[in-house]
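Under my numbering, residues 331 to 762 are what the sequence shown spells out, in order. Even for Gly, the Cβ is constructed at its ideal location relative to N, Cα and C.
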Amino acid sequence: MRINVIGGGLAGSEAALSLADFGNEVVLYEMRPAKNTEVHHTGNFAELVCSNSLKSESLENASGLLKEEGYKLGSRLLQIAHHHRVPAGKALAVNRETFSEEVSNRMENHPLIRIERQEICSLSLDDSVNVVCTGPLTSGCLGEFLTELFGDSLFFFDAVAPIVAADSVDFSQAFVADRYALEGDYVNCPLSREDYEVFWKELVMAEVAEVENFSDRFLFERCQPFEEIARSGIDALRYGPMKPVGLIEPVTGKEPYAVVQLRKENVSGSLLGIVGFQTRLRWNEQKRILSLIPALRAVEIVRYGVMHRNTFLDSPRLLKQDLQSKIKKGLFFAGQISGLEGYVEAIVSGRIVAMNVNRFVHGCRTLIPPTETMIGGLIQHVTVSGRSPLKPVYANFGLLPEIRIRNKREKNRVKVIRAQEEIQRFLEGVER
331 MRINVIGGGL AGSEAALSLA DFGNEVVLYE MRPAKNTEVH HTGNFAELVC SNSLKSESLE
391 NASGLLKEEG YKLGSRLLQI AHHHRVPAGK ALAVNRETFS EEVSNRMENH PLIRIERQEI
451 CSLSLDDSVN VVCTGPLTSG CLGEFLTELF GDSLFFFDAV APIVAADSVD FSQAFVADRY
511 ALEGDYVNCP LSREDYEVFW KELVMAEVAE VENFSDRFLF ERCQPFEEIA RSGIDALRYG
571 PMKPVGLIEP VTGKEPYAVV QLRKENVSGS LLGIVGFQTR LRWNEQKRIL SLIPALRAVE
631 IVRYGVMHRN TFLDSPRLLK QDLQSKIKKG LFFAGQISGL EGYVEAIVSG RIVAMNVNRF
691 VHGCRTLIPP TETMIGGLIQ HVTVSGRSPL KPVYANFGLL PEIRIRNKRE KNRVKVIRAQ
751 EEIQRFLEGV ER
C-alpha cells in the first residue's frame, strides 16, 4: 500500500526516515522551496524555524525524559541532532544548518524515499495511507481541505526570536556562564535597574507588526512575544526570559538586576540567538530596542524575529490514541498539527506514528504508549483530554498520572523511574 508523508518538517522527516528504514516505500511531499512560508529560509528538511535548542537533557526535566524515550524508541532525528550539537549547558542545542542538511541528505539518498516538491491541496483517502505532518504552517489550500473534511480546526499565534552576529556584541559588557556555574556556554548581557527600566518603558511603547487575524487570546504561552510579557507588568521580564537567578556578574560578584541571555546558533559561535525574545516588533523597532541593552549597543541582527499563525486540529474530537483519524482509516497525523508543541514532541510523535503506520500496512494492531510515559501522557492529553478549545501542549510532569509524594522533586524523580520502566515494557511488547 502506498504511504504518503505530507510535510518535511521534524515530524514528517522522522516519520519518512523511520518508515523507509522499516522497509516501506514512502512518497514525501514538501512544498518548499517552490512555495515558502513566512518563517522558513531554506528548502531543507527538518529546518528549525524558532530556537536551535531541543531543551534540557537532564532527567530532572520533562523534556529530558521525552528525549530518553525518543532514543529508546529509535528516533532517527534525535540521533542526527547529537552529531550536530553545539555547547548549551544542559540543553541539547544544534547547528541548525548542518542538522537540517544531514537530514535532507539522508532523505534524498534513501532508496525507499521518493521526494515530490509540490504543494498538496487534497489527500487520496481511499487507496493510500497518509501521514499529515504539515506542522504549524499548513498551507491554506490543505487547511481548507482538512476543514471541509473535519470541520473547523484551531490555531494559535507563535513568534520567533532574533539572531545576532557575535562580533557585534560588546563582551566587555557581558560575561559567559551557565546558571549556578562558574563557567558555561551562554553569553549573559546584564542590565542595571536604570538600564532595565528604560528598556522596559521603550519596549511596551514600541510598534508591532500587523499580523492578519491576530488576537492575543490565541498566543501560545511558551512562545509569547517578549513585548507581550512586558505589558503584563514592569517586573514580568525579570521573572521570565530576563531573570538573573543563578548568574553572578564577575565585575560585581553579585546577581545583576536583569540579564539577557544569548545562545550559540552554530559550533563556531559566530551567530547567537536571543533566549526567550520571540517578538512581533517591527524590524526597525527590534534594532532600536535591542540597542538599549549595554552589551548590544552596536548589535547586528542577522535574522529578525517574526510572528506566524500555527494551525492544529481539535484532536480530542478528531483523533484516536494511535493518532489516526476517527473517521478516515489510514489517515494519521503527527507533530504540531496534532496539538503537540515543541521540537522533541514533534520528533517523537513522528516516530510513534511511523511505528503505527508500519504495523497498520502489515495488518497488525496499532500501538498506544503507556500514559505513565511522557510520550504516552502527551498523546493522552491531545486525544482524550476532552478540553475545548484544545491548547498546544509540551512535555511536562503534570501530564503523568499522580503520585502521592509531597516533595515535588522527589515526586518527579519517582515519575521518571516509573516512565523508564513503562517504556521498556512497552518496547518489549512491540518486539513480541
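What is the residue span of the alpha helix (DSSP H) that Leu-422 lies within? Note, Leu-422: premise wrong, no alpha helix (DSSP H); beta strand (DSSP E) at 421-424.
Do Leu-601 and Ala-496 count as a contact pair if the criterion is CB distance below 8 Å? yes
Between which two residues does the beta strand (DSSP E) holding Asn-334 run? For Asn-334, the enclosing beta strand (DSSP E) begins and ends at 332-336.
Is the region 657-671 touching the region 457-469, taking contact as three or more C-beta pairs under 8 Å? The answer is yes - the region 457-469 touches the region 657-671, with three or more Cβ pairs under 8 Å.
Could you check whether the Cβ of Lys-741 sits closer than 7 Å to any heavy atom belonging to the ligand SAH? What this structure holds is no ligand at all, so the ligand SAH is not there to describe.
When we look at the beta-carbon of Arg-426 and count the other beta-carbons within 10 Å, is it buried (16 or more) or exposed? By the 10 Å Cβ count, Arg-426 comes out buried.
Could you check the C-alpha separation between Glu-493 and Ile-631 for me, to the nearest Å? Inspection of the sequence shows that residue 493 is occupied by Ile rather than by Glu. Looking at the two C-alpha atoms, the distance is approximately 6 Å.
With DSSP as the reference, label Met-572 as helix, strand or coil. Met-572 sits in coil when the DSSP states are folded into three classes, being neither helix nor strand.
Rounded to whole angstroms, what is the Cα-Cα separation between Phe-505 and Val-597? Near 18 Å, if we compare the C-alpha coordinates of Val-597 and Phe-505.
Entirely enclosed alpha helix (DSSP H) segments - the region 389-465, minimum 4 residues: 392-403, 406-413, 426-438
Using only the alpha-carbon positions, how far apart do Arg-647 and Val-629 sit? Going from the Cα of Arg-647 to the Cα of Val-629 covers about 47 Å.
Using the Cα positions of Gly-473 and Val-357, report the straight-line distance between them to the nearest angstrom. Rounded to whole angstroms, Gly-473 to Val-357 spans 20 Å at the Cα level.
Closest to Asn-614 by C-alpha separation, out of Ala-539, Gly-680, Gly-404, Phe-727, would be which residue? Across the set Ala-539, Gly-680, Gly-404, Phe-727, the C-alpha of Ala-539 shows the shortest separation from the C-alpha of Asn-614.
Residues bridged to Arg-593 by DSSP? Gly-603
Does the separation of the CB atoms of Glu-758 and Ala-725 fall below 8 Å? Not closer than 8 Å, so no.
Sorted by chain position, which residues of the same chain lie with C-beta nearer than 6 Å to Phe-375's C-beta, five sequence neighbours on each side aside? Gly-338, Ser-343, Val-433, Ser-434, Met-437
Val-575, buried or exposed, once every other Cβ within 10 Å from all chains shown has been counted against 16: exposed
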